[in-house]
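Presented below is the structure to which this report refers.
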Amino acid sequence: MWPVTGTQPRNGRHAKPEPPLAVPAVPLSPEELPQLADASLGDLVREAATHFSTLFRSEVELAKAEVTTELRKGVKGSIFFILALAIVLFSLFFLFITVAEVLAIWLPQWAGFGIVFGLMLGAAAGCALLGWRRMRSIRKPERTISTVRDTGAALTRRSAGYRGAGEFSAGQPSTGPVSTGPVSTDPSRE
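And the structure:
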C-alpha cells in the first residue's frame, strides 16, 4: 500500500478530489493607499464603493462555497438514509406475512391474508387522504406576487417620469423629473 502524500487524494488514488474553495477575496497583503489629501471626494466615494462591492461579492462567493460543500456532505449522508428506508420497506413485506400467518392460527389462512390486505389498503387510503388534504392547503405566494407587481408598477412609473422629463444635454447635470404637484410635509397625508 502506498503512503498518502500531499498530492494524492485521501480516499485513494482514483477518488475525485474535492474542489478547493477558491474564493476571490479581499487581498491579505497591505496595498498602497492613495494619499487622502490628494484624493477628491468623488475618488474616495468611488474607491469605497469598489471595496464594498468586492467585499460583498467575496462574502457571497464564500457563502456559496460553504453551502455547496455542506450540501455535498448532506447528499452523501442521505444516501445511507435512503438505503435504510428501502431495507425497512422490503422488511415490511415479511412483517405482513407473519401477521397473516399468526391470524391463520385462529382463522382460515385466506382470512388472515385478507385481513392483512384490508389493513394495508386502509392504511394506504388514510395516507392518501392526509396527503390530499395537505396538498389542498397549498396556496400561491400572494405577498410575493403583490410585491413583484408593486415593484414593476413603481419602476414603470419612474421610467415614464424620466422619459417625460425631456432630454438632458451632456454639459448640464441631470436633475431627473421635476414634480409639478404640491409637496406635502404632513406625514399623515401620505
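Residues 718 to 907 (this note's numbering) make up the sequence shown, in order. Where is the CB? At the ideal position from N, CA and C, for every residue including glycine.
A residue is called buried once 16 or more other Cβ atoms fall within 10 Å of its Cβ, and G829 is buried on that count.
Contact between V833 and F813 holds, with the beta-carbon distance rounding to 5 angstroms and staying under 8 angstroms. Of the candidates L836, A780, I804, L836 places its Cα closest to the Cα of A817. In this structure, DSSP gives S770 a helical state, which the three-state scheme calls helix.
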